[in-house]
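For the sequence shown, UniProt numbering begins at 1 and goes up steadily by one.
Each remark here refers to the structure printed beneath this line.
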Amino acid sequence: MHIRRVSFDHPDAVKLNDQVQAEYVVRYGDDGDATPMAAADFDPPNGTYLIAYDEHGTPVASGGWRAQDTNDEGNLDGDAELKRMYVVDGMRGRGLARRILAALEEDARAAGRVRMVLETGTEQPEAIALYTSSGYEPCAKFGYYRFHDASRCFAKRL
Numbered sequence: 001m002h003i004r005r006v007s008f009d010h011p012d013a014v015k016l017n018d019q020v021q022a023e024y025v026v027r028y029g030d031d032g033d034a035t036p037m038a039a040a041d042f043d044p045p046n047g048t049y050l051i052a053y054d055e056h057g058t059p060v061a062s063g064g065w066r067a068q069d070t071n072d073e074g075n076l077d078g079d080a081e082l083k084r085m086y087v088v089d090g091m092r093g094r095g096l097a098r099r100i101l102a103a104l105e106e107d108a109r110a111a112g113r114v115r116m117v118l119e120t121g122t123e124q125p126e127a128i129a130l131y132t133s134s135g136y137e138p139c140a141k142f143g144y145y146r147f148h149d150a151s152r153c154f155a156k157r158l
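Written as structure tokens, this is what we have:
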């Protein structure tokens, strides 16, 4: 696998984002994740977006982080918010999400962020298992879905 930094509006990022949104529709029965995001949110040094490519150059996994500081959605100064972690169906179970996660944590740490935070949901038990096995612990809810019952928020000190 080759992990490459790309812009959030790169065609491969858009393709994977469309796929993860379709999965959210199936899992939650809604219109997908409505969290407001812009491509600039992931521009270094205030964020980054990564894609893993297989040996044929096919995009197979993605994830990003964006800087968040104290705001009215419950973030704290120094937060790095994890977004759009996704592995295509045929490549799951190979450790790709863990590799993307580790690279994102290192990048956020190098950018001076002190805590990685994420929001996932009850219909994503694989994600919850990945994050808890990677040292993430439940935290106060934050973000767009903080008032939804199915929302689960986690944090890890960087």
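Glycine included, every Cβ here is placed at the ideal spot set by N, Cα and C.
Since the structure is predicted, the reported quantities are computational estimates derived from the model, not experimental observations.
The secondary-structure analysis by DSSP pairs A111 with nothing; it has no beta-bridge partner.
Under a 10 Å Cβ-count criterion, T120 is classified as buried, with 16 or more other Cβ atoms of the shown protein chains found around its own Cβ. A distance of 9 Å or more separates the beta carbons of N46 and A13. Between the C-alpha atoms of L101 and F154 there is a straight-line separation of about 14 Å. The Cβ-Cβ distance between R4 and L50 falls below 9 Å. Setting aside the 5 residues that flank it on each side, M1 is surrounded in the same chain by A52, each with a C-beta closer than 6 Å to its C-beta; the list follows chain order.
Only residues of its own chain outside the window of five on either side were considered, and among them G64 have a CB closer than 6 Å to the CB of K83, listed in chain order. Assignment of T70 by DSSP, reduced to helix, strand and coil, places it in the coil class. A straight-line Cα-Cα distance of about 7 Å links P138 and R152.
A residue is called buried once 16 or more other Cβ atoms fall within 10 Å of its Cβ, and V88 is buried on that count. The beta carbon of V60 sits closer than 6 Å to the beta carbons of A52, D54, V88 and M91 from its chain, once the five residues preceding and following it are set aside; these are given in chain order.
Distances from the CA of A34 to each of H148, L158 and G57 were compared; the closest alpha carbon is that of H148. DSSP places K15 in the helix class (H, G or I) of the three-state scheme. Here DSSP, grouped into helix, strand and coil, assigns L82 to strand.
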